[in-house]
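The next block holds one structure in the form of structure tokens; read it before the comments.
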Amino acid sequence: MDLLMKKTKELEMQIDEYLDLVVKASLIFKQGVKHYLNNQMDQFFDDRKKIDETESKGDALRRTIETKLYVETLIPEFRGDVLGLLEHTDKVLNLTAETLAQFDVEMPDIKDDLKPLFIELAEASTSAVESMAIAIRSYFRELGKVRDNITKVMFYEKETDKISDRIKRTVFRTNIELGKKIHTRYFAYHIEIIADEAENVCDRLAIASIKRHL
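What follows is the structure, given as structure tokens:
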């Protein structure tokens, strides 16, 4: 029993480490967006490198955790829920890296008057990811706080919807060519869906938490 408890504690520590990487990637993403919009390209390219490295570490650690869950048959009654949470959290991690990569690949021309809104959008999405990570930690440590932290994720997700809508309404009322309007909308959408995916994780988390109460 002591060995099982020790292994379970090690697993929780690895999940904690994984969530640290997810949060780190979101913070690098937010910083990268700011650097891009401020035309600080050297810093932006450094952010690109950092987020790719963070994503790779996260993917490797997630696979280690999943293997441990299967091979050592830890927390068998909750294993399916934890695996599902890890899988969907990985989508959040991947989205932050992929979206920043698209800034590098497509080099969108964001109008100056929209840049503050894009920064605000990136900040709200990052806050959603940070709150998601706290909610997942609560699932393992303090189940009673899961709901409060999920509520924060939902709040930030709604904020991203509002900010993204403002960007889209503004850009489509601007006298620029249609291609640039669509391109700007595309990037607003992809920043927005980071928060959407964080909310999807929390939908699964809410169900998993209810099952633990039963």
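Once you know that position 140 of the sequence shown is 139 in numbering that gives the first Met the number 0, the rest is easy, because the numbers rise by one and skip nothing.
Where a beta carbon is used, it is the ideal one built from N, C-alpha and C, also for glycine.
For residue 51, the uninterrupted alpha helix (DSSP H) run begins and ends at 40-70, by DSSP. Looking at the backbone, the Cα of residue 103 and that of residue 76 are separated by about 43 Å. Looking only at 30, 83, 121, the smallest Cα-Cα distance to residue 188 is reached by 121. Looking at 82, 134, 123, 40, the one whose alpha-carbon comes closest to that of residue 147 is 134.
Pairing residue 88 with residue 190 gives a Cβ-Cβ distance that is not under 8 Å. In the structure shown, the three-state DSSP call for residue 202 is helix. Per DSSP, the unbroken alpha helix (DSSP H) holding residue 153 starts and ends at 145-170. Taking the C-beta atoms as reference points, residue 92 is found nearer than 8 Å to residue 21. In the three-state DSSP reduction, residue 179 falls in the helix class (H, G or I). Fewer than three beta-carbon pairs drawn from the region 79-87 and the region 27-47 are found closer than 8 Å, and the two stretches are therefore not classed as touching. Under the three-pair Cβ rule at 8 Å, the region 194-207 counts as touching the region 137-154. In this structure, DSSP gives residue 108 a state outside helix and strand, which the three-state scheme calls coil.
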